[in-house]
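Structure first, commentary second.
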Amino acid sequence: MPDRKEIIEVAGHSVPVSNPGKVYFPQTGHTKLDLVRYYLSVADGALRGVADRPMVLKRYVNGAEGEAFFQKRAPSSRPDWIETVVLSFPSGRTAEEVVVTDAAGLAWVVNLGCIDLNPHPVRASDLDHPDELRVDLDPVPGVHWAQIIRVALVARDVLTDVGLTGWPKTSGSRGMHVYARIEPRWTFADVRRAAVALAREIERRAPQDATSKWWKEERHGVFVDYNQNAKDRTVASAYSVRPTPDARVSAPLAWDEVPDCRLEDFTIDTVPQRYARLGDLAEGIDATAGSLEPLLELAARDEAAGLPDAPWPPHFIRQAGEEPRVQPSKRRAPGTAAPTGRRRSSMPLIEVARAATKDEAMAGLDRWKQRHPETWARLEPADVLVDAMRGRSSVWTRIRLNLRNVPEAERPPQEPLEVDYDPWAAVRRPQP
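Mapping the sequence shown onto the numbering used here, position 405 (from 1) lands on 407, and the numbers just tick up by one.
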């Protein structure tokens with residue numbers, strides 16, 4: 003039978019925690035109640051990252067090893083003290099999203115199954131002007147942690163040179179984040195344009211370590227994900243627990259800690275002790291809001307030099323100044339059209355699996371590897387493209403392989419997918 007509810011008194015409110023003994027992290031044994039108590043132990047710091055910001059609810063109702071689903075709209079059944087705000091999205095749709103304002107709100111969203119917290123970079127009082135520039139350092143497979151650290155330090159230097167203060171934190175997953183508070187005077191489009199310029203400058207200063215290339219098949223090293231600054235994108239905030247086996251935390255750092263930090267040192271068990279000892283290392287972030295003008299001037303210089311706008315996320319309409327949004331492997335060069343009229347690949351990509359879960363997709367990859375062991379031995383980690391794809395309300399997984407390191411005569415052809423999942427089948431309207 004389900005566990006009884008446990009009532010927590012916090013911030014002047016009674017917050018029920020349903021199934022408090024439900025195990026959320028099987029490898030460590032941490033329960034839903036442990037997760038609630040963790041967030042309350044670092045509440046001031048966690049609130050500094052999410053307070054007064056609309057939040058997407060990323061719900062893991064079956065724990066960290068289960069599949070998450072995204073809920074933009076606030077539950078209709080909610081306490082009257084939970085605040086909301088209506089956001090509009092690039093699709094033209096709107097949603098009434100939750101706005102956490104105190105520790106009781108933290109406990110309430112965690113009880114819904116939110117392991118990590120995913121706020122937008124705006125305040126509820128001004129939804130059109132971000133007050134946060136987010137530098138998301140996302141390593142390609144096979145990149146060593148030391149390389150990520152080097153890129154983070156370059157990002158700090160670039161931000162300093164343009165008059166902004168970078169605040170580092172581990173992502174809690176595989177990379178690092180560097181946030182910079184900005185004056186809320188610019189639109190999302192402006193902030194993203196500044197982020198593109200920042201990413202390109204980081205790449206110029208560290209060409210062996212960093213890339214600003216959007217398409218996975220072109221990336222190397224650490225991708226500086228400028229599109230995390232596009233409207234409707236969210237990033238796990240400071241002190242968020244991540245759905246990893248060891249319950250890692252996205253932990254704020256001091257810059258002098260960055261060169262020697264290790265992701266595995268920051269977990270649901272260690273961060274409360276660190277917080278009690280050091281306090282919130284991002285406590286001063288709100289006092290450092292700076293101007294985007296130097297980055298926008300850098301963007302203008304790049305554009306004058308002939309650099310086009312960088313690709314946008316796929317669900318955005320094509321933007322002014324953006325090149326055709328076609329991945330390099332499917333671009334058609336002049337005179338290379340196949341007789342059928344289909345695009346001829348410029349990079350040798352094959353697709354292996356489309357699956358509802360990552361485990362299913364990886365199992366399909368394993369089957370492919372068993373059939374093609376000699377090909378597999380030639381692939382580099384960056385040649386294995388594992389994409390988390392956004393569906394209507396959940397994430398599905400696609401796996402592709404770049405055969406660029408395999409001699410052309412030895413490349414296996416595209417075969418039927420090992421797993422062939424259609425994420426839209428359940429919502430597709432029947433044909434008349």
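Beta carbons are placed, not taken as given, at the ideal position from N, Cα and C, and that holds for glycine.
All values derive from a computational prediction rather than experimental measurement.
Query raised in the report: Taking contact to mean at least 3 C-beta pairs separated by less than 8 angstroms, is the segment 233-241 in contact with the segment 41-50?
Result: Yes: the two stretches touch, three or more of their Cβ pairs being nearer than 8 angstroms.
Report task. Compute the Euclidean distance between the alpha carbons of Pro-247 and Asp-133, then round it to the nearest angstrom. Result -> Taking the sequence shown and counting its residues from 1, one reaches residue 247 at position 245. Taking the sequence shown and counting its residues from 1, one reaches residue 133 at position 131. Their backbone Cα atoms lie some 33 angstroms apart in a straight line.
Query raised in the report: Considering only C-alpha positions, which residue in the set Val-112, Ala-357 and Pro-315 is nearest to Ala-232?
Result: As a first step, residue 232 is located in the sequence shown; it is residue number 230 there, counting from the start. Checking every option, the nearest Cα to that of Ala-232 belongs to Pro-315.
Query raised in the report: In angstroms, rounded to a whole number, what distance separates the CA positions of Leu-294 and Thr-359?
Result: For the purposes of this step, residue 294 is taken as residue 292 along the sequence shown, with counting starting at 1. For the purposes of this step, residue 359 is taken as residue 357 along the sequence shown, with counting starting at 1. So the alpha carbons of these two residues sit roughly 40 angstroms apart.
Query - C-beta contact flag for His-122 and Pro-56 at 7 angstroms - result: Residue mapping note: residue 122 aligns to position 120 of the sequence shown, counting from 1. Residue mapping note: residue 56 aligns to position 54 of the sequence shown, counting from 1. Going by C-beta atoms, His-122 is nearer than 7 angstroms to Pro-56.
Report task. Compute the Euclidean distance between the alpha carbons of Ser-173 and Leu-381, then round it to the nearest angstrom. Result -> Here residue 173 corresponds to residue number 171 of the sequence shown, with the count starting at 1. Here residue 381 corresponds to residue number 379 of the sequence shown, with the count starting at 1. Going by C-alpha positions, Ser-173 is about 27 angstroms away from Leu-381.
**Report entry** Of the listed residues Val-52, Trp-83, Ala-355 and Val-180, nearest to Ile-151 (C-alpha basis)
**Finding:** Translated into the one-based positions of the sequence shown, residue 151 becomes position 149. Just measuring C-alpha positions, the residue of Val-52, Trp-83, Ala-355 and Val-180 sitting nearest Ile-151 is Val-180.
Query raised in the report: Within 10 angstroms of its Cβ, does Phe-27 collect 16 or more other Cβ (buried), or is it exposed?
Result: Locating residue 27 in the sequence shown gives position 25, where the first residue counts as 1. The residue in question, Phe-27, is buried, as its Cβ has 16 or more Cβ neighbours within 10 Å.
Query raised in the report: Between which two residues does the alpha helix (DSSP H) containing Lys-34 stretch?
Result: Reading the sequence shown from its first residue, position 32 is the one you call residue 34. Here the alpha helix (DSSP H) through Lys-34 covers 34-43.
**Report entry** Outcome for Phe-225 when other beta-carbon atoms lying within 10 angstroms are tallied against a minimum of 16
**Finding:** Within the sequence shown, the letter at position 223 stands for residue 225. Buried: at least 16 other Cβ atoms inside 10 Å.
Query raised in the report: How about Ser-252 and Lys-171: do their beta carbons lie closer than 7 angstroms?
Result: Here residue 252 refers to the residue found at position 250 of the sequence shown. Here residue 171 refers to the residue found at position 169 of the sequence shown. With respect to Lys-171, Ser-252 sits close: the two C-beta atoms are nearer than 7 angstroms.
Query raised in the report: What's the call for Ala-340, buried or exposed, on a 16-neighbour Cβ count within 10 Å?
Result: Taking the sequence shown and counting its residues from 1, one reaches residue 340 at position 338. Because the pLDDT at Ala-340 is just 40, under 50, the model does not fix this residue reliably, and the point stays unresolved.
Report task. Compare the C-alpha of Gly-165 against each of Glu-299, Asp-389, Arg-176 and Asp-311 and name the closest. Result -> For the purposes of this step, residue 165 is identified with residue 163 of the sequence shown, where counting begins at 1. Of the candidates Glu-299, Asp-389, Arg-176 and Asp-311, Glu-299 places its Cα closest to the Cα of Gly-165.
**Report entry** Beta-carbon spacing of His-423, Ala-357 below 7 angstroms
**Finding:** Numbered from its first residue, the sequence shown carries residue 423 at position 421. Numbered from its first residue, the sequence shown carries residue 357 at position 355. The question names His, but residue 423 is Tyr in the sequence shown. Yes.
Query - Residue range of the beta strand (DSSP E) that includes Met-178 - result: Locating residue 178 in the sequence shown gives position 176, where the first residue counts as 1. Run containing Met-178: 178-183, per the beta strand (DSSP E) assignment.
Requested in this report: Use the C-beta contact count for Asn-407: other C-beta atoms within 10 angstroms, 16 or more gives buried, fewer gives exposed.
Outcome: Indexing the sequence shown from 1 puts residue 407 at position 405. Classification of Asn-407: exposed, given that the 10 Å Cβ count is below 16.
Query raised in the report: Tell me the DSSP bridge mates of Trp-257?
Result: Counted from its first residue, the sequence shown places residue 257 at position 255. DSSP lists no partner for Trp-257.
Report task. Pull up the DSSP beta-bridge partners for Phe-225, would you. Result -> Position 223 of the sequence shown holds residue 225. In the DSSP assignment, the residues bridged to Phe-225 are Asp-140 and Thr-213.
Query - Burial state of Lys-7 (16 or more Cβ within 10 Å) - result: The residue given as residue 7 occupies position 5 in the sequence shown. Label assigned to Lys-7: exposed.
Requested in this report: Taking Asp-282 as the reference, give the member of Leu-265, Pro-296 and Leu-255 with the closest Cα.
Outcome: Within the sequence shown, numbered from 1, the residue matching residue 282 stands at position 280. Comparing Cα positions, the closest option is Leu-255.
Requested in this report: Can you have a look at Pro-141 and say buried or exposed, based on whether 16 or more other CB atoms are within 10 angstroms of its CB?
Outcome: The residue labelled residue 141 in the question sits at position 139 within the sequence shown. The residue is buried, with at least 16 neighbouring Cβ atoms inside 10 Å.
Query - CB contact flag (Phe-53, Val-198, <7 angstroms) - result: By 1-based counting over the sequence shown, the position of residue 53 is 51. By 1-based counting over the sequence shown, the position of residue 198 is 196. Sequence inspection shows Ala at residue 53; the Phe mentioned does not correspond to that position. No; because the gap between Cβ atoms is not below 7 angstroms, this pair is not in contact.
Requested in this report: Could you spell out the range, first to last residue, of the alpha helix (DSSP H) harbouring Ala-190?
Outcome: Here residue 190 refers to the residue found at position 188 when the sequence shown is read from its first residue. Contrary to the premise, residue 190 reads as Phe rather than Ala in this sequence. 190-207 is the extent of the alpha helix (DSSP H) around Phe-190.
Query - Alpha carbon of Pro-310 to alpha carbon of Ala-384, nearest angstrom - result: The sequence position of residue 310 within the sequence shown is 308, counting from 1. The sequence position of residue 384 within the sequence shown is 382, counting from 1. If you take the alpha carbons of Pro-310 and Ala-384, they lie about 25 angstroms apart.
Query - Pro-22 (DSSP reduced to helix, strand or coil) - result: The sequence position of residue 22 within the sequence shown is 20, counting from 1. Pro-22: coil per DSSP, three-state reduction.
Query raised in the report: Going by the C-beta, is Pro-56 closer than 6 angstroms to any heavy atom of the ligand MG?
Result: Within the structure as shown, the ligand MG is missing, as the structure has no ligands at all.
Report task. Give the single residue among Val-58, Leu-35 and Asp-361 whose Cα lies nearest to the Cα of Thr-236. Result -> As a first step, residue 236 is located in the sequence shown; it is residue number 234 there, counting from the start. The candidate whose alpha carbon is nearest that of Thr-236 is Val-58.
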